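The block underneath contains the structure these notes are about, expressed in structure tokens.
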Amino acid sequence: MKVLLTGCSGFVGAQVARRLLDEGHQVRASYLPGDNLSRIADILDRMERREGDLFHATDDDLARLCEGVDACLHLAWFVIPGKYLPAPENLDCVKGSVRLFAALGQAGCRRIASVGTCFEYDFSYGYLSESTPTSADSLYAAAKTATLLMGEQVARLHDIGFAWPRLFYLYGPGEDPRRLVPHVINSLLRGEPAAVTSGRQVRDFMHVEDVAGGLVAALLSDLTGPVNVGSGEPVTVRQIVATIAGILGRPDLVQFGARPDNPTDPPFIVANNQKLLSTGWRPRYDLESGLGHAIGWWRAQAG
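Using my numbering, the letters of the sequence shown correspond one by one to residues 2 to 304.
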């Protein structure tokens, strides 16, 4: 199968590219001019590469990008940490994504999986299933839900199978070092204190390789609509941090409560992943082995 993969140079996209190649698929990799390609440097020569700004492409650009592909896994979006939730770029991403879906339909593509987010949900419902009501509390979440609704209509017009995998919390090789897991790992590797909140929040964390496997499973299935890509296992942020500290033997460096809790932070965000499990997908890592793998990767980066 020839798969168009957008956002292939990102944290998740790089792992999806590897998974698709390992399963024998042809990958047409789309990325921005000037993107850091270090995450995919070792597999670039195995993919058909297309450089360009997907969200400001001409109709002809999109037609060439989509020509001859059987399926598309759409990951590209504006996701700079600390900026993406209220960013006006979300509006460009909506328009560009819907134009991409239309171009895929005109090119004869038969299957699309476009990535959404758990932030689309109303978090007051406990475990989050695909039927949980949505309640967008940011421009990012609203933009994602709008893209889902319009994408489903475009897909219906062109008789395309359209899935919407929603990501939860993830970690692993290549993550932005400003995020929780790499921040704690790198602080402890340097022998420095790791200042964190109380860590009472309950979340659904999964290793990025397992997330990539879930995305590919959703793409290759017959599932349509939202599909939660999460572990289904509740874990507190405190457990995450304590597990890292335990593996590294430095619990003395963790400073719980040194940073204030966010009073608007939802207490519980965990996936019901039964729909994804119906594809036969299963995670390869549990929490301890996954964090151990991430620690090994960050240790290697530190030299």
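Virtual Cβ for every residue (Gly too), placed ideally from N, Cα, C.
Here the structure is a predicted model, which means the values were calculated and not measured.
A direct Cα-Cα distance of roughly 10 Å separates Leu-292 from Val-242.
Taking Asp-262 as the centre and dropping the five residues before and after it, the same chain places the C-beta of Thr-198 and Ser-199 closer than 6 Å to its C-beta, in chain order. For Phe-257, the beta-bridge partners assigned by DSSP are Val-197. As the crow flies, the alpha-carbon of Gly-192 is around 41 Å from that of Ser-130.
When Pro-284, Leu-158, Phe-206 and Ala-15 are compared, the shortest CA-CA separation from Ala-272 is found for Phe-206. One alpha carbon belongs to Tyr-32, the other to Ile-296, and they sit about 28 Å apart. Secondary structure of Pro-183 (DSSP, three-state): helix.
Annotation for Lys-3: the continuous beta strand (DSSP E) segment containing it runs 3 to 7. For Trp-298, the enclosing alpha helix (DSSP H) starts and ends at 288 to 303. Put simply, the backbone Cα of His-75 is about 42 Å away from that of Asp-253. Residue state for Val-271 is assigned as coil, using DSSP reduced to three classes.
Glu-121 sits close to Arg-167, with the two beta carbons spaced by under 9 Å. Here Pro-134 has Tyr-122, Asp-123 and Tyr-126 as same chain residues with Cβ atoms under 8 Å from its own Cβ, once five neighbours each way along the sequence are excluded. The beta carbons of Glu-234 and Leu-190 sit no closer together than 9 Å.
In the displayed model, Phe-169 falls within coil according to three-state DSSP, outside both helix and strand. The three-state reading of DSSP puts Leu-45 in helix, counting H, G and I together. Classified as exposed, Ala-303 has fewer than 16 neighbouring CB atoms from the shown chains inside 10 Å of its CB. Of the residues assessed, Glu-176 falls on the buried side of the cut-off, its CB having 16 or more other CB atoms within 10 angstroms. Nearest to Ala-103 by alpha-carbon distance, out of Ala-114, His-26, Leu-63 and Cys-119, is Leu-63. Linking Arg-50 to Val-116 through their CA atoms gives a straight-line distance of about 21 Å. When only Cα atoms are considered, Thr-146 and Val-185 end up about 32 Å apart. Less than 9 Å divides the Cβ of Gly-106 from the Cβ of Ala-156.
Of Gln-16, Val-28 and Pro-268, the smallest CA-CA separation from Gln-202 is found for Pro-268. Counting every other CB atom within 10 Å of its CB across the protein chains shown gives Arg-179 a total below 16, marking it as exposed. Here DSSP, grouped into helix, strand and coil, assigns Tyr-85 to coil.
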